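Working notes for the structure below.
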Amino acid sequence: MITEPSGAHEGDAWDVIVIGAGHAGCEAALAAARCGVSVALLTMSETAIAAMPCNPAIGGPGKGHLVREIDALGGVMGEAADAAAMQTKLLNTSKGPAVQALRVVADKAVYQAFVRRRLLAARDRITPVLGEARSITGVPGGPYRVGLDGGRQLIGTALILATGVYLRASTVIGDAWRQGGPGTEAAASYLSESLGQMGFSLGRFKTGTSPRIDFASVDLDRLVAEQSDDEPLWFSHKEQPPHPASGGFGHSCRPVCWRTATNSETHAIIEASFDRSPLLTGQIIGRGPRHCPSVEDKVARFPERSSHPIYLERESREGDTLYVLGLSTSLPRDVQAAMVASIAGLADARITAYGYAIEYDYVDPTQLHATMEAKRWLGLFFAGQVCGTSGYEEAAALGLVAGVNAARRVKGQPEVVFARSESYIGVLSSDLAVRGVSEPYRIMTARAEHRLHLRQTNADLRLTAWGRELGIVGEERYRVLLDRRERLQTTRALLQQVSVRPGGASAGLLAARGTVPLREPVPAAELLARPEIQYRDLLAIVPSLPRLNHDDQHEVAADAKYGGYIAQQERLLARQRRRQDIQLRHGIDYRAMAGLSESGRERLCAAQPLSMAEAMLVPGISAADVAVLEAVTQSSGQDGCRADGGGGSSDDGRLR
Amino acid sequence: MSDQRWDPASTIGAVATPPGRSGIGVVRLSGTAALQVAARVFRPGDATASGKVPPVILRRHRAMIHGHLVDPKDGAAVDDALLLVMPGPGSYTGEDVVEFHCHGSPTVLSAVLEACLALGVRIAEPGEFSLRAVRNGRFDLTQAEAVLHLVNAQTTAAAKLAVAHLDGALGRELAAMSAKLLVIVAPLEAAIDFPDDEVAVPDRRAIAGQISDALGEVSALADSGRIGRRKVEGAVVTIAGPVNAGKSTLFNALLGQERAIVTPEAGTTRDVIEARLEIQGLAVTLRDTAGLRTPSGLAEEIGVRLARAAMDEADLILLVADASQADGWHRSSSMLPGKSGTAAGDVAVINVLNKCDLVSAASLAEALAQGATEPSLNPPVRVSAMTGAGLAMLREQIARHLTGGGGHDSAARLLTTVRQESAVRSAAEHLAAALEAIERDVPDDLLLVHIYSAMESLDEARGAWSPDLRLSVIEEVFARFCVGK
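Same order as they appear, the protein sequences are chains A and B. Counting in the numbering used here, the final residue of the first sequence is number 656, and the numbers go up one at a time with none missing. Counting in the numbering used here, the final residue of the second sequence is number 1141, and the numbers go up one at a time with none missing.
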């Protein structure tokens, strides 16, 4: 599918150039294309497109929420993950309405094929280009010229860097260091130089991965198979057809994931090799993610534990490799072999690829706005690991933010900022741009102040209509939203109107669920409010209620059970929103703003927050500074702050 | 902002000592220009020297330098003085601070200040030095409040409390309470965000226990506000009881002077008479009231009404009975606020059995036995206001009641302002709501809302900044649990 740029593209000029075709790059290219601009998608190899170099899973707490939001805004990740799902699991079902999260084990090959098809379907707008970006030149505001290996040049009005871990990457296994990224790709070392010359400050992070083993060499009898949920669930909000995975779901399904664990022998092997670990001996200087510790790190930090869980996941139904989740490592090959062999079920396992650590350059994200645009290089955007994140879902979400904003920059439209109170995408992008990172950033539900509002089951209700206004959500998707809204409204009204009488079928149900019998007729909603009663229970005794899919049941039940809490949160949110949605223009001269503390001035000048909500996150800012800023913006109205117009953007539609 | 009054960019100055003549007087400056201004108005050495100390030199030293204050216009000496230099950020305000220690003549002090104003210094608003200290992170809010309390302290107890809070003791206590809640939150959050990682989450009973312990501490702290404020602001003690029980005699005896008119005639006192005194370091406003009986005449009727109002307003009532009257004990107990219907409330009461010098030990024992049948009554303090017997014990009892039984020896656990109290009270309410949520079996994500709200209220009490709360939770999760793949 790769097109070589040729004479047909004289000058090779595009509206938007995306460097890198991982999850960030693909989502960025697709989002920009949906906005109607032309895109060149540059990749060093065709096999890297939408590849999953780490474990074959998508979703989980926070991450699954992001996937739902990407889908609500017309992105591809949710549909691709649905198509590739080999196992689905709803996590945190007992921990509350807002933290339930879907995770799937995804067939890597199917996933990549799905995204490629989607790119291909957009070929009138997206042109894939094979090559390595070697240099970036240009002026703030664009256009930007990307020099490729072999001397070719691409010109873009806007440019999105989604280069993942490839900037000056080096991979490490034990004492073996190699320049280059995962797999066999060469390292994009030249780009780091270009970015340095442009004045970007770069940091160094580390990440890593686990060994892969041959499926046929594993003793499945000694492992515990992980079952898929009985009820298949979907990321995409689109009308959900029967699940494509053959064999269906639940216990009848062929397992793709097994559970085992490290043991004291494994730990002894690792401890004996501490002196050969590049991580523990300090040869690796990049800071690694605490949410993804290597096994040598876990053994070193928690010596009291004699076992850590290990999951074996098939990378593809057709392929023959298993991903060993929980065994991320950069220990030498012989140590990896010994520790794998020590694990139950893996005595004869054949390692097909060794685990490795990778060190890479990242761009300090506080040099970016929450739109992912560089503060001092307008028209230049970043997304994914290159600006300090980790994870497929985080990358894809930022790709969408960058893609939309790059297209809007090209079209002269106002930028789009995602509010923390409205989406995990907003939490992610403002955390990066305003707070910065000290390790590869992973989304967590604990980061969201408005967690109760940000449910995976209301992502479309929160975002799809807005996406429609922005022009990134198509007619079909929008129609699905309207239908759903109506369905929920009708059901809620029915639950209030229909009353359930004591005795008869209801008495049997209540007794079976172990809850007290009714004394008088009550609205069905009141029964649903009881912790023991689920929506599907009501179907048996209130035949007029519609059959609903999982998400709708969840929303309706959450309403009935925790409506008071949620309403209280929404009220609080509305109050805070009035406060936090105050927009701050580009180029406010904080140095001239009376009342700010000295450190507050410096930090606000550097951070250039776009809204009060962002200003409140700026590290080191005090409550007093925020109060001053509020007083100034209120007393002077929207236009009172001194602005030099440097951003050249208007405030319209900036916030959500 | 055209209003430059609170502009923190300007250098502020004020006479720091009280108005009027005194041995020494201090003019204080704070801000970026403080050192430059000092270099212009202060000349080191004796009157004949002409050198100046360049600001760059001053910046390097915390120093006290002898020299002369001069009028920058003509170089004429204004006063022989000491210059105290405290460069920021280690100073009180966090900015460059200088103090001129002059002779305490109002004329000299205003001349020095005028000279500084002429060089661009602005007169400080009341409290502005402390405001800058808070703004620049030198203080939390409880410390700033302590500065005010220390300056206004009228008793040793108030001063001791203020000094302890100035050191940040209360702020640390509030932070420690918040940290205890963090310990409850961390495993719940770790389990939510890393559901495969076998995080050991305490069961709901254990969590309820932890929250209930925290609630106990937070509530006790909220309750301490009443006592803390008494230490800072003083307390009102009202002497009440039937006519002719010797209330005014007791009033005079506690005061140590003949302030109230005393006659053998029942119903002598009509007005509420008030006096200030110090009892064991506490500022006490003592009130003597009209005896409570069915009034005979308009003046006495008003007096009785005033007496009941004074009982309502009191932090403590001394309910006086006449030991020489057979039914004295009973008569006074019927006048307790709760029983008389004039006040609901839980005002503390000390029963005082007066005129003990007039009765035999036998009849005293009888009176006490009679009192013991009234379960609502505390054992009385036996005194003779006339001879002074038992007064020391009474003073001790008063102090003990006002300071909550002496359990509050730790200043860190005493709130001193209504602002602190309402924030801590709201933290307690959120924790109570959390316990109720556990009772109703709500899931973790909803329960956590209450705990976070409580933590935010505790932060608010010390003026800390809550947006970083979630970051501290995440730090705790990674520090304590082996999570992630």
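Glycine included, each C-beta is placed from N, C-alpha and C at the ideal position. Quick caveat: nothing in here was measured; it's all calculated off a predicted structure.
Looking only at its own chain, which residues have a Cβ that is under 6 Å from the Cβ of D15 of chain A, when we skip the five neighbours before and after it?
Excluding sequence neighbours, D15 of chain A sits near V37, S38, T157, V410.
Using DSSP's beta-bridge definition, name the partner residues of Q87 of chain A.
Answer is A:V105.
With three or more beta-carbon pairs closer than 8 Å as the criterion, would you say the stretch 871–890 of chain B touches the stretch 806–820 of chain B?
The answer is yes - the stretch 806–820 of chain B touches the stretch 871–890 of chain B, with three or more Cβ pairs under 8 Å.
Verify the CB distance criterion: does N458 of chain A have a CB-CB separation below 8 Å to chain B?
No, because no Cβ of chain B sits closer than 8 Å to the Cβ of N458 of chain A.
Counting only C-beta atoms, is C758 of chain B closer than 8 Å to chain A at any point?
No, its Cβ sits nowhere closer than 8 Å to a Cβ of chain A.
Residue(s) in a DSSP beta bridge with I863 of chain B
Per DSSP, none; premise fails for I863 of chain B.
With a cut-off of 8 Å on the beta carbons, I'd call A870 of chain B and L948 of chain B a contact; round off their distance for me.
That belief does not hold up - the Cβ atoms of A870 of chain B and L948 of chain B are roughly 44 Å apart, past 8 Å.
Near-chain B residues of the stretch 302–331 of chain A - C-beta to any C-beta below 8 Å
Residues of the stretch 302–331 of chain A with a C-beta less than 8 Å from any C-beta of chain B: F302, R305, H308, P309, Y311, L325, G326, S328, listed in chain order.
Between G288 of chain A and T329 of chain A, is the Cβ-Cβ spacing less than 8 Å?
No, the pair does not count as a contact, with Cβ atoms beyond the cut-off.
Near V899 of chain B, which residues of its chain fall below 6 Å by C-beta distance, leaving aside the five closest residues on each side in sequence?
So the qualifying residues of the chain are A922, G923, G947, R949.
Does the beta carbon of D1100 of chain B come closer than 8 Å to any beta carbon on chain A?
Between D1100 of chain B and chain A, the shortest Cβ-Cβ separation is below 8 Å.
Give me, in chain order, the residues of the same chain whose beta-carbon lies closer than 6 Å to that of E315 of chain A; leave out the 5 immediate sequence neighbours on both sides.
In chain order, P56, K108, T321, Y323 place their CB closer than 6 Å to the CB of E315 of chain A, counting only its own chain and leaving out the 5 sequence neighbours on each side.
In angstroms with no decimal places, state the Cα-to-Cα distance between A31 of chain A and L42 of chain A.
For A31 of chain A and L42 of chain A, the distance between alpha carbons rounds to 16 Å.
Note down, in chain order, every chain A residue with its Cβ under 7 Å from the Cβ of R791 of chain B.
The answer, in chain order, is S597, S622, A624.
3-residue-minimum beta strand (DSSP E) runs that sit fully inside the stretch 105–193 of chain A, ordered along the chain
For the stretch 105–193 of chain A, the continuous beta strand (DSSP E) assignments of 3+ residues that do not extend past its boundaries occur at 126–130, 133–138, 144–148, 153–161, 170–173, 176–179, in sequence order.
Using 10 angstroms around the beta-carbon of E770 of chain B, count the other beta-carbons present and answer buried if the total reaches 16, otherwise exposed.
So E770 of chain B counts as exposed.
Taking A737 of chain B and C758 of chain B to be in contact with their CB atoms under 8 Å, please state how far apart those CB atoms are, rounded to whole angstroms.
Indeed they touch by this definition, with Cβ atoms about 5 Å apart.
P61 of chain A beta carbon less than 8 Å from that of L91 of chain A
Yes. Within cutoff.
What is the DSSP secondary structure of G959 of chain B, counted as helix, strand or coil?
Three-state DSSP puts G959 of chain B in a helix.
Confirm, please, whether the CB-CB distance from E69 of chain A to L380 of chain A is below 8 Å.
Not closer than 8 Å, so no.
I need the DSSP call for Q100 of chain A, collapsed to helix, strand or coil.
Coil.
Considering only their Cβ atoms, is the gap separating S686 of chain B from E751 of chain B smaller than 8 Å?
By the CB criterion at 8 Å, E751 of chain B and S686 of chain B fall inside the cutoff.
What residue does the beta strand (DSSP E) around A939 of chain B start on, and which one ends it?
Unbroken beta strand (DSSP E) run through A939 of chain B: 938–944.
Do you know whose CA, among B:G676, B:P762, B:R718, B:L765, lies nearest P743 of chain B's CA?
Comparing Cα positions, the closest option is B:R718.
For chain A, is any of its Cβ atoms less than 8 Å away from the one on R1119 of chain B?
Correcting the residue type first, residue 1119 of chain B is Gly in the shown sequence and not Arg. At least one chain A Cβ lies under 8 Å of G1119 of chain B.
F698 of chain B in three-state terms, based on DSSP
Under the three-state reduction of DSSP, F698 of chain B is assigned to strand.
Output needed for I285 of chain A: all residues of its chain with C-beta closer than 7 Å, excluding positions within five of it in sequence on either side, in chain order.
Closer than 7 Å at Cβ, skipping near neighbours: R204.
Would the beta-carbon of V1139 of chain B fall within 8 Å of that of V841 of chain B?
No, the pair does not count as a contact, with Cβ atoms beyond the cut-off.
So with Cβ pairs under 8 Å, would you call E781 of chain B a contact of chain A?
No - not a single Cβ of chain A is within 8 Å of the one on E781 of chain B.
Taking C-beta to C-beta, are A48 of chain A and L119 of chain A nearer than 8 Å?
No; because the gap between Cβ atoms is not below 8 Å, this pair is not in contact.
For K298 of chain A and chain B, any beta-carbon pair shorter than 8 Å?
Look at K298 of chain A: its C-beta is under 8 Å from a C-beta on chain B.
Please list, in chain order, the residues of the stretch 45–69 of chain A that have any C-beta partner in chain B closer than 8 Å.
Listed by position along the chain: N55, G60, P61, G62.
Are I1107 of chain B and R447 of chain A touching if we call contact CB-CB under 8 Å?
Not in contact: I1107 of chain B and R447 of chain A (Cβ atoms no closer than 8 Å).
V542 of chain A and V498 of chain A: beta carbons closer than 8 Å?
Contact flag set, yes.
Going by Cα to Cα distance, which pick from B:A1120, B:G881, B:V1133 is closest to S834 of chain B?
Nearest Cα to S834 of chain B within the set B:A1120, B:G881, B:V1133: B:A1120.
May I have the straight-line CA-CA distance separating Y360 of chain A from T137 of chain A, to the nearest angstrom?
Between Y360 of chain A and T137 of chain A, the C-alpha separation is close to 22 Å.
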